Structures are given as structure tokens and as C-alpha cells.
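Engineer: Shown below is the structure under consideration.
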Amino acid sequence: LEVGPVVRFLYTRIESLKVNTPFLKFIKGDGFTQDHWSTLFGILRLPQGIKLRDLTLQLLLEASQLVVDNLAEIKNLQARASAELTIQEAFDELTRWAIDAEFTIIEQKDSGDR
């Protein structure tokens with residue numbers, strides 16, 4: 097069986113995707129804000145001005161090697177986004193508590209009944 101250039105191209109592409117696709121799980125973006133997405137799009141060298149709603153699987157598959165190459169930076173971005181989300185949630189909880197908190201002031205008397 098003769099292997100032509102099309103078969104070689106497809107085989108190379110399939111092998112690349114088999115190796116790189118598992119790393120796509122690191123770009124799911126839990127807790128990402130627009131700034132985080134913009135940073136990720138820059139890392140992945142996606143087209144300038146692309147919006148999150150325009151992101152396609154094809155674009156991610158085309159950038160899969162960049163995900164592998166920049167995995168440490170992407171993990172750092174993911175960790176930062178997660179930490180910022182935790183801080184924001186804590187701040188929101190504190191704000192809600194401050195709004196609902198009620199304090200009762202009790203007058204205290206000393207031993208001289210003053």
C-alpha cells in the first residue's frame with residue numbers, strides 16, 4: 097500500500113491531536129474574567145480582537161501545541177483566576193454580612209454601680 101502526501105499529512109495531524117488534546121482541559125477558564133481570557137488568547141496567539149463568544153473548537157485545536165508549549169503559564173493564569181475568584185467571593189460575603197449585621201449595645205456598670 098502506497099502512502100501518499102495526504103495520508104502522511106492526516107496521520108501527522110491526528111498524532112499531534114492525540115498528544116496535545118488532553119492538555120486542552122487546562123483552558124476551560126473556570127473563574128476567568130475578560131482580562132484572563134484576553135491573556136489566554138494572547139498566549140495562544142488567537143486572532144486579534146476575538147471575543148469569547150467567537151471561540152471555536154477549531155481555534156483551540158489549532159492552538160493545541162501552544163497550550164502544551166505554554167502549559168506552566170496557563171496553569172499560573174488558571175491559579176491566579178481561581179485565587180481572584182476566591183477573594184471576590186469572600187469580599188462579597190463580607191459585604192453581605194456588613195449589610196445584615198446587627199449589634200446590640202449593652203450598657204455596662206462597674207462595681208460601684210455607675
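Going by this note's numbering, 101 is the number at position 5 of the sequence shown; the sequence numbering is gapless. Where is the CB? At the ideal position from N, CA and C, for every residue including glycine. In this text the structure is predicted, and so the values were computed from the model without any measurement.
1. Applying the 10 Å Cβ sphere with the 16-neighbour rule, what's the burial state of Phe160?
2. Determine the direct distance from the alpha carbon of Asn116 to that of Gln130, and round the result to whole angstroms.
3. Pairing CB atoms from the region 138 to 148 with CB atoms from the region 160 to 172, are three or more of them under 8 Å?
4. I need the DSSP call for Thr200, collapsed to helix, strand or coil.
5. Which runs of the alpha helix (DSSP H) fall wholly inside the region 126 to 184 and span at least 4 residues, in chain order?
6. At the level of alpha carbons, what is the spacing between Ser178 and Glu169?
Structural biologist: The answer reads as follows:
1. Along the sequence shown, read from residue 1 onward, the residue named residue 160 stands at position 64. Looking at the sequence shown, residue 160 is not Phe but Ser. That one is buried.
2. Taking the first residue of the sequence shown as position 1, residue 130 is located at position 34. Taking the first residue of the sequence shown as position 1, residue 116 is located at position 20. Roughly 25 Å separates the two Cα atoms.
3. yes
4. Position 104 of the sequence shown holds residue 200. Coil at Thr200, not helix or strand.
5. 130 to 139, 153 to 158, 160 to 165
6. In the sequence shown, the residue the question calls residue 178 occupies position 82. In the sequence shown, the residue the question calls residue 169 occupies position 73. Approximately 14 Å, taken between the alpha carbons.
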